[in-house]
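The structure appears below as structure tokens.
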Amino acid sequence: MSQSSMITHMTIGVAGAYPSYFRVKTENILTILPMSDRHTLTLEHRSQTQGLKGRCGSSVMEKIPGSEVQVQLDLGTAHPAPSRGQWSNKIEFLLAVAGQIIGLGNVWRFPYLCYKNGGGVFFIPYILFLFTCGIPLFLLETALGQYTSQGSITCWRKICPLFEGIGYGSQVVVSYSSMYYIIILAWAFLYLFSSFNSELPWATCSNSWNTANCVEFNQNPEYFNTTLAENATSPVREFWERRILNITGDINDLGSIRWELALCLLLSWIICYFCVWKGVKSTGKVVYFTATFPYLMLAVLLVRGLTLPGALNGIKFYLYPDPARLTDPQVWMDAGTQIFYSYAICIGCLTALGSYNKYNNNCYKDCVYLCLLNSGTSFVAGFAIFSVLGFMAFEQQTDISKVAESGPGLAFIAYPRAVTLMPLPQLWAIFFFLMIILLGLDSQFVGLEALATAISDLHPAFFQVGHRRKLLLLVISVICFLIGLVMVTEGGLYIFQVFDYYACSGMTLLLFALLQSVCIAWVYGIDQFYDIIEDMIGYRPMSVIKYCLKYVTPVVCLGTFIFSLVKFTPLKFNNKIEYPWWGYTLGWWFTLSSTLVVPLVMLYNLSVTPGTLRQRISILCTPSEDLPLTKPEKTALELLKIS
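When we follow the working numbering, the leftmost residue of the sequence shown carries the number 1166, and every step to the right adds one.
Shown next, in the form of structure tokens:
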């Protein structure tokens, strides 16, 4: 080793219970020295040693007068790290990821975007975004989790400490998501319980919450069209607004807590807690039901929808191509944001789930299959939804554009209205809301698992002992439940929309995606990233993914981010009512608290790292040496042993 080289990092590698190699990083080169039975290794060196990190036993580093550094190992104090656990088999991992990424967005957002953005031609930008951004970033996060066996914060700390803030930022987003996403489950539970009546309560205007303006929509179409007043409302909308929400008429008035919704929210949190309270041991078993049963419900609803009169007209509206829409930048924007929205990219969940894989699991094939499954589910869900909307338009003799909605409007207004027109409406309502609950449930508890994984991996010696991890989950659940109570008040929908619009903003996820691709492709090194994948699965993925991560993905993410910024408009409730100052202040707090944590952590790490600015950046861009050796490093080690 050159005496002018500065030793920046040293580590002891472990094979079994004893060290097998000693890895030394200087400013310019990486040297891997095999360990023999001796307990002392002497290295020549003229400059400052920055640190020693060992995973086996205690270590003592002494500066010897002259130009040597002596490292002594005390093998007697070696002890294994706390066990994190692993998936029992590959199926559990696949189902857990499928449960996370296949959620409500596949059912209530994707089909509507297809209809709105040119039908079949929407698949052109969607597929382009899938292969240039979706699959590469999906593989990046899953592979890093599997390679490091760490949650989203410590994963980035080990890969590139300079970008550790990405992990913190993603967990802020997951925290906000955990607070508000579960509110949808509370609504769905209340709808489900209401479906067990002899008559669906949203089918008639004879209930205590109905007003004089309520008009039943299952009457004769001629009567319906001629008597409908300007301010008339449907029973399903009044059930949603006056029975479920009992919404106040003023954004500044939150009203009182809706205790029925609060109990449904509590039920949702209890279920989520016990789904993950034993870590992957319980999560891996629960997903056998929560990730598969929605497909059964979707299949039943699809068959039922396709057999209804008017279904073909609905599917025509869903898929009828309008090539002129491709010239609209908003179509491309919608395609890109849908990929990020439905693939759980940049929120740390994929990293956490991948961290429980066996080291040699073929994460590349898993990612491709899961991405195709996700998009395929979205496509099929469109048939199930629009066949029913076509039937509803046929029954009411109206245009499908007047009944097509997205988001909560589809789940809690349009589809419930449609089932009242079917034979055995209670049965189809139960099936539909069971599907909604299960789709949302596994997305919720997997996000909770990812958050707990990230926190426990920060302090494994504390959280992975005894019942402390269960207590951590309990604390997270209680805090999120208490904050969620604000969203089950009579004015809770106003707060819910602020969370939905700002806390999980597409711009935030686009920024994280840009930083992730730049970090791995340009700072860590795309070839080194391919080295670790090759070491895990035995071969290198297609080169097109490498070039996408290095060139296409950053450009696409940056372009979409800028477009989102330019086209950004402040939130309006129901696209009509502006929020007061506190609403926008709260919204921007949600957005900036997750976004600004990245540069803040970057500046903090630079400030506490010794050396010149150049040396600090070099140290913070160097991966942790206790990571598994890549294939080229193993080859170098074998050559040293032979020599």
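Idealized CB from N, CA, C, for every residue including glycine.
What you are looking at is a predicted structure, and each value in this text was computed from that prediction instead of being measured.
TODO: Specify the secondary structure class of E1790 as computed by DSSP and reduced to three states.
DONE: Coil, per DSSP.
Task: CA-to-CA distance, P1301 to D1487, given in whole angstroms - done: Their Cα atoms are separated by approximately 29 Å.
- [ ] Assuming F1738 and Y1659 form a contact by the criterion Cβ under 8 Å, report the distance between their Cβ atoms to the nearest whole angstrom.
- [x] Yes, they are in contact, since the Cβ atoms of F1738 and Y1659 sit about 6 Å apart, within 8 Å.
Open item on the list: Give the list of continuous alpha helix (DSSP H) stretches no shorter than 4 residues that lie fully inside the segment 1535-1615.
Closed with: Unbroken alpha helix (DSSP H) runs of no fewer than 4 residues, entirely contained in the segment 1535-1615, are found at 1580-1584, following chain order.
TODO: Quick one: residues in its chain with C-beta nearer than 7 Å to the C-beta of G1752, no 5 flanking neighbours on either side, listed in chain order?
DONE: Excluding its 5 nearest sequence neighbours in each direction, G1752 has C-beta neighbours in its own chain below 7 Å: V1663, Y1666, Y1667, L1736, listed in chain order.
Open item on the list: Could you compute how far the alpha carbon of T1472 sits from the alpha carbon of N1375?
Closed with: Rounded to the nearest angstrom, the gap between the Cα atoms of T1472 and N1375 is 32 Å.
Task: Distance between L1613 and L1679 (C-alpha atoms, nearest Å) - done: Each residue's alpha carbon lies about 25 Å from the other.
Open item on the list: Whole angstroms are fine: how far does the CA of V1401 sit from the CA of A1583?
Closed with: Each residue's alpha carbon lies about 10 Å from the other.
- [ ] Would you mind stating whether G1299 and I1480 have Cβ atoms separated by less than 8 Å?
- [x] It is not a contact, given that the beta carbons lie outside the stated cut-off.
TODO: Could you spell out where the alpha helix (DSSP H) holding C1429 opens and where it closes?
DONE: Segment 1424-1441, the alpha helix (DSSP H) holding C1429.
- [ ] Tell me where the alpha helix (DSSP H) around M1701 begins and ends.
- [x] M1701 -> alpha helix (DSSP H) spans 1691-1702.
TODO: Say whether the segment 1416-1432 touches the segment 1643-1656, bearing in mind that this needs 3 or more beta-carbon pairs closer than 8 Å, one atom from each stretch.
DONE: Cβ pair count under 8 Å is three or more, so yes.
- [ ] Report yes if the CB atom of I1266 is closer than 8 Å to the CB atom of A1509, and no otherwise.
- [x] It is a contact, given that the beta carbons lie within the stated cut-off.
- [ ] For N1385, I'd like the list of residues in its chain whose CB is within less than 7 Å of its CB, leaving aside the five on either flank, ordered along the chain.
- [x] At N1385 the pLDDT is 46, less than 50, meaning the model places this residue with poor confidence and gives no usable figure here.
- [ ] Please name the residue, chosen from G1264, I1349, S1317, that lies closest to G1574 on a Cα-to-Cα basis.
- [x] Nearest neighbour of G1574 by Cα position, chosen from G1264, I1349, S1317, turns out to be I1349.
Open item on the list: Helix, strand or coil for F1738? Go by DSSP, reduced to three states.
Closed with: Of the three classes helix, strand and coil, the one that applies to F1738 here is strand, per DSSP.
- [ ] Would you mind reading off the limits of the alpha helix (DSSP H) that contains D1499?
- [x] Taken as a continuous stretch (DSSP letters only), the alpha helix (DSSP H) holding D1499 covers 1494-1507.
Open item on the list: Let me check you understand the geometry: is the CB of E1570 closer than 7 Å to at least one non-hydrogen atom of the ligand GDP?
Closed with: The ligand GDP is not part of the structure shown, which contains no ligands of any sort.
TODO: Would you identify the three-state DSSP class for T1516, choosing helix, strand or coil?
DONE: Three-state result, T1516: helix.
Task: Span separating the alpha-carbon of W1321 from that of G1555 - done: A straight-line Cα-Cα distance of about 48 Å links W1321 and G1555.
Task: Neighbour-count burial assignment, Y1277, 16 or more Cβ in a 10 Å radius - done: By the 10 Å Cβ count, Y1277 comes out buried.
Open item on the list: Let me check one thing: in DSSP terms, what residues is E1743 bridge-paired to?
Closed with: In the DSSP output, where bridge partners are listed per residue, E1743 has K1737.
- [ ] Indicate the three-state DSSP secondary structure (helix, strand or coil) for C1511 in the structure shown.
- [x] For C1511, the three-state secondary structure derived from DSSP is coil.
Task: Alpha-carbon spacing of T1756 relative to S1335, whole angstroms - done: Cα to Cα, the separation comes out at about 11 Å.
Open item on the list: Classify L1754: buried if its beta carbon has 16 or more other beta carbons within 10 angstroms, exposed otherwise.
Closed with: It should be pointed out that residue 1754 corresponds to Trp in this sequence rather than to Leu. Within a 10 Å sphere around the beta-carbon of W1754 sit fewer than 16 other beta-carbons, which makes this residue exposed.
TODO: Find the nearest neighbour of I1648 within the set S1340, F1288, T1319, judged by alpha-carbon distance.
DONE: The shortest Cα separation from I1648 among S1340, F1288, T1319 belongs to S1340.
TODO: Since I believe C1429 is in contact with Q1681 (beta carbons under 8 Å), could you give me their beta-carbon distance rounded to a whole number of angstroms?
DONE: That belief does not hold up - the Cβ atoms of Q1681 and C1429 are roughly 36 Å apart, past 8 Å.
Task: E1699 versus I1578 - alpha carbon distance - done: Taken atom to atom, the span from the alpha-carbon of E1699 to that of I1578 is near 49 Å.
Open item on the list: Please report the distance separating the alpha-carbon of I1229 from that of P1775.
Closed with: Unreliable placement is indicated for I1229, whose pLDDT of 33 sits below 50; the coordinate value is still reported in the next sentence. C-alpha of I1229 to C-alpha of P1775: approximately 21 Å in a straight line.
- [ ] Tell me whether the beta-carbon of C1514 lies closer than 8 Å to the beta-carbon of A1351.
- [x] No, the Cβ-Cβ distance between C1514 and A1351 is not below 8 Å.
- [ ] Output the residue ranges of the alpha helix (DSSP H) runs that lie fully inside the segment 1610-1674 and measure 4 residues or longer, sorted by chain position.
- [x] Segments of the alpha helix (DSSP H) lying fully in the segment 1610-1674: 1625-1628, 1633-1649, 1657-1663.
Task: A1686 and L1723 closer than 8 Å at C-beta - done: No, they are not a contact pair.
Task: Extent of the continuous alpha helix (DSSP H) to which P1276 belongs - done: Secondary structure note for P1276: its alpha helix (DSSP H) is the uninterrupted segment 1275-1281.
Open item on the list: Check this for me: beta carbons of Y1483 and C1279, under 8 Å apart or not?
Closed with: Contact: yes.
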